[in-house]
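Report on the following structure.
In the working numbering, the protein residues as written are 1 to 376.
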């Protein structure tokens, strides 16, 4: 395992400045609800605006409507979006992982239909992985896809499916045979399909971002099978690399941290400034890790272990940030506060513990890291 130090080129830095200027004009302070990283508000128009700028599907092939650009370019855009708590919820999953998965494993028909629409910000994808009573054991998937005339019938349930209420499609992992790993296959399911029901789950902070999805004899044509029958586990593992190694794993609290930093510098005791210095240094370290992982992807590598390490460390770091800022806040932050930063911090206190679970628990990630290091 190796993460080589790297820096942005002049062109990449110019891209950052352009995105920052656009966001300052498009999202003036107070004009939108601040989001916690990838949990930003669902705003289809904002997603389409990003698509019009060429900032969605950036690494997708040009022949399918993508930008044909690098993973690093996409990282630059993502960092700027997360830094201002932008409303990224509509396009996030499609841009981060569904699009690249379809580009890598889809049929020509699937690529020509889905990828241009993802790049334009027109589609909202949700990921159907977790299931009730399965915990972190993804290979225990029980929702079945049974062969039917011209396609498959899906029966079962998925849970903790982010933004399924707004999704146009669910890219799910389903069981097509009893083989623990070789019996899993991915399908793209239209959320308007007969027999599919989405139920929103109230979260402790009052939001309803998560959903449970029920499949009752949902017919999916074979043309919407993604990849070969039985290839789902391999494809899903590659997809999780995209989910784990990005900036969204350490930037959830950046709007709150920047607001706190503006009030700490030169105005409070040195111990608070020491905490700020420590947080700032580690933010730069995680930026370096995300950048190195993106360079590896651009070099054609699959940084599974590196992404797992980044996610394991970064989500623990975010928990520490919540504790530190809350300690310095001086009172218990309130969800109902008119101060958007106080309200956002209150949400983070309630939802932050879930960040170490999404995309793989700490224990699962440590197993991946340990096995990878042993093989090396």
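All residues carry an ideal CB built from backbone N, CA and C; glycine is no exception.
Rounded Cβ spacing between residue 241 and residue 302 (contact assumed at less than 8 Å) = Their Cβ separation, rounded to whole angstroms, is 6 Å, which keeps residue 241 and residue 302 in contact under 8 Å.
Three-pair Cβ contact test at 8 Å for the stretch 270-285 versus the stretch 105-120 | Result no; under three Cβ-Cβ pairs closer than 8 Å.
Starting from the N-terminal side, write out each stretch of the beta strand (DSSP E) that is 3 residues or longer and does not extend beyond the stretch 330-371.
-> For the stretch 330-371, not a single whole beta strand (DSSP E) run of length 3 or above is found.
Pick from 142, 363, 192 and 340 that is closest to residue 176, judged by C-alpha positions = For residue 176, the nearest C-alpha among the options comes from 142.
Output the distance between the C-alpha atoms of residue 248 and residue 350, rounded to the nearest integer angstrom.
-> Approximately 18 Å between the Cα atoms of the pair.
Same chain only: Cβ atoms within 7 Å of residue 322, ignoring 5 sequence neighbours per side | Same-chain partners within the cutoff: 253, 348, 349 and 352.
Between 3, 164, 183 and 102, which lies nearest to residue 201 when the distance is taken from Cα to Cα?
-> Selection 3, 164, 183 and 102 evaluated against residue 201 yields 164 as nearest (Cα-Cα).
Through-space distance from residue 312 to residue 158, alpha-carbon basis = When the Cα atoms are used, residue 158 and residue 312 turn out to be separated by approximately 24 Å.
With distances taken between CB atoms, is the gap from residue 150 to residue 222 smaller than 9 Å?
-> Contact flag set, yes.
Run of the alpha helix (DSSP H) containing residue 190, from where it starts to where it stops = Boundaries for residue 190: no alpha helix (DSSP H) harbours it, while the beta strand (DSSP E) harbouring it runs 184-190, taken from the DSSP string.
Can you tell me where the alpha helix (DSSP H) with residue 102 in it begins and where it stops?
-> Looking at the DSSP string, the run of the alpha helix (DSSP H) that includes residue 102 is 99-105.
In the DSSP assignment, find the unbroken beta strand (DSSP E) run with residue 120 in it and report its ends.
-> Residue 120 -> no beta strand (DSSP E), and no H or E assigned at all.
Considering only C-alpha positions, which residue in the set 167, 210, 183 and 180 is nearest to residue 192?
-> When only C-alpha atoms are compared, the closest one is 167.
Under a Cβ-count criterion, where at least 16 other Cβ atoms within 10 Å of its own Cβ denotes burial, should residue 98 be classed as buried or exposed?
-> It is buried - the Cβ of residue 98 has at least 16 other Cβ atoms within 10 Å.
Reference residue 94, options 80, 140 and 44, closest by Cα | That would be 44, whose Cα lies nearest to the Cα of residue 94.
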